[in-house]
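Heads up: the structure comes next, in structure tokens.
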């Protein structure tokens, strides 16, 4: 991966984790598999973030609920990164209950994924 692309990915992921912490301080996040699933069912959650190192069972359970209730879900970061960004112990599942924060985080996730693509590679 070119150095510039790697730098952009790190820059955007830093913004993502910073904004996740801001959403937590604003009281717009919930954490924990059971609480997030209940919030998805009730229609409160606008975005679900699952740690990349979550177990396959946890991811499947949360993903199935998100698909059924049409809530966007992304796997991003490790559990320790997610927890540290919101000032907590390691967290595997996070729900965003505010549409504005959800939109902002989704834009940053999409930007990070785009910046992570090696555009110099030939097909």
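In UniProt numbering, the protein residues as written are 1 to 123.
C-beta: ideal position from N, C-alpha, C; glycine also.
As the structure is a prediction and not an experimental result, all values here were calculated from the model.
* To do: Rounded to whole angstroms, what's the CA-CA distance from residue 73 to residue 30? Just pull it up for me.
  => If you number the chain shown from 1, residue 73 lands on position 73. If you number the chain shown from 1, residue 30 lands on position 30. Taking the straight line joining both Cα atoms gives about 14 Å.
* In the structure shown, what three-state DSSP assignment does residue 70 receive? -> Within the chain shown, the letter at position 70 stands for residue 70. Reduced to three states, the DSSP call for residue 70 is coil.
* **Top-ranked residue by Cα proximity to residue 32, from 100, 95 and 41** => Mapped onto the chain shown, residue 32 falls at position 32. Considering only alpha carbons, the answer is 95.
* Asked: Curious, which full-length beta strand (DSSP E) runs of at least 3 residues does the UniProt domain "Ribosomal protein eL8/eL30/eS12/Gadd45" (18 to 101) contain?
  -> If you keep only unbroken beta strand (DSSP E) runs of at least 3 residues inside the UniProt domain "Ribosomal protein eL8/eL30/eS12/Gadd45" (18 to 101), you get 29 to 31, 47 to 50, 73 to 75 and 93 to 96.
* To do: Less than 8 Å between the CB atoms is what I'm expecting for residue 82 and residue 51, so what's the real figure, rounded?
  => Taking the first residue of the chain shown as position 1, residue 82 is located at position 82. Taking the first residue of the chain shown as position 1, residue 51 is located at position 51. Distance from residue 82 to residue 51 at the Cβ level is roughly 5 Å; contact confirmed, criterion being Cβ atoms closer than 8 Å.
* Leaving out five residues before and five after residue 90 in sequence, what residues of the same chain have Cβ atoms less than 7 Å from its Cβ? -> Looking up residue 90 in the chain shown gives position 90. Close CB contacts of residue 90 within its chain, under the 7 Å cut and outside five residues either way in sequence, are with 79, 80 and 83 (chain order).
* To do: Using the Cα positions of residue 107 and residue 42, report the straight-line distance between them to the nearest angstrom.
  => Position 107 of the chain shown holds residue 107. Position 42 of the chain shown holds residue 42. Rounded to whole angstroms, residue 107 to residue 42 spans 24 Å at the Cα level.
* For residue 105, collect the residues of the same chain with a Cβ closer than 8 Å to its Cβ; drop the 5 residues on either side in sequence, then sort them by chain order. => Taking the chain shown and counting its residues from 1, the one referred to as residue 105 is at position 105. Scanning its chain for C-beta atoms nearer than 8 Å, with the 5 sequence neighbours on each side dropped, one finds around residue 105 the residues 16, 19, 20, 23, 47, 49 and 96, in chain order.
* To do: Give me the Cβ distance between residue 37 and residue 65, rounded to the nearest whole Å; I'm assuming they're in contact under 8 Å.
  => Translated into positions along the chain shown, residue 37 becomes position 37. Translated into positions along the chain shown, residue 65 becomes position 65. Rounded, the Cβ-Cβ distance is 5 Å, consistent with contact.
* Asked: Which same chain residues, not among the five before or five after residue 121, have their C-beta less than 6 Å away from its C-beta?
  -> What you label residue 121 is simply residue 121 of the chain shown in a count that begins at 1. For residue 121, the predicted model reports a pLDDT of 34, less than 50, meaning its position is unreliable; a value from the coordinates is still stated below. Here the set comprises nothing.
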